[in-house]
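*Asks:* One structure follows; several queries about it will come next.
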Amino acid sequence: EWAAVLADPERLRRFASFANAPGTPDPTVTFVPERGQIRPARPGEPGTLLDTPATSRVLIPLPAVPAAPRAQEAHR
């Protein structure tokens with residue numbers, strides 16, 4: 001019975017949750033600005049919904065980490 005739902009996009013659409021619904025922000029999660037960024041509001045803290053839901057991720061390049069010296073080389 002689930003296989004039929006998974007194969008039918010129209011029926012599958014009925015099972016989208018708020019967390020997985022594209023284009024629909026979660027009304028229970030609000031954000032506040034802090035140091036030029038946003039963070040989730042704490043319980044009881046007034047916040048605002050995002051204007052648009054997050055649809056993409058930002059990748060931050062990390063610097064290369066040098067390899068640790070081998071134990072034999074460290075004792076020379």
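Residue numbering for the sequence shown follows the numbering used here, starting at 1 and increasing by one per position.
Using N, Cα and C, we set each Cβ at its ideal position, and we do this for glycine too.
If you're wondering where the values come from, they're calculated on a predicted model, not measured in any experiment.
(1) Below 7 angstroms CB to CB, which residues in the same chain sit around G47 once its five sequence neighbours on both sides are set aside?
(2) On the premise that P27 lies in contact with L49, defined as a C-beta separation below 8 angstroms, what is that separation, rounded to the nearest angstrom?
(3) Report the partner residues of R39 according to the DSSP bridge assignment.
(4) So, for E45: in the same chain, excluding its five sequence neighbours on each side, which residues have a beta-carbon less than 7 angstroms away from its beta-carbon?
*Replies:* Let's see:
(1) Hits under 7 angstroms: T30, F31, V32 and A41.
(2) Here L49 really is in contact with P27; their C-beta atoms are around 7 angstroms apart, less than 8 angstroms.
(3) According to the DSSP secondary-structure assignment, R39 is paired through a beta bridge with V32.
(4) Contacts found: V32.
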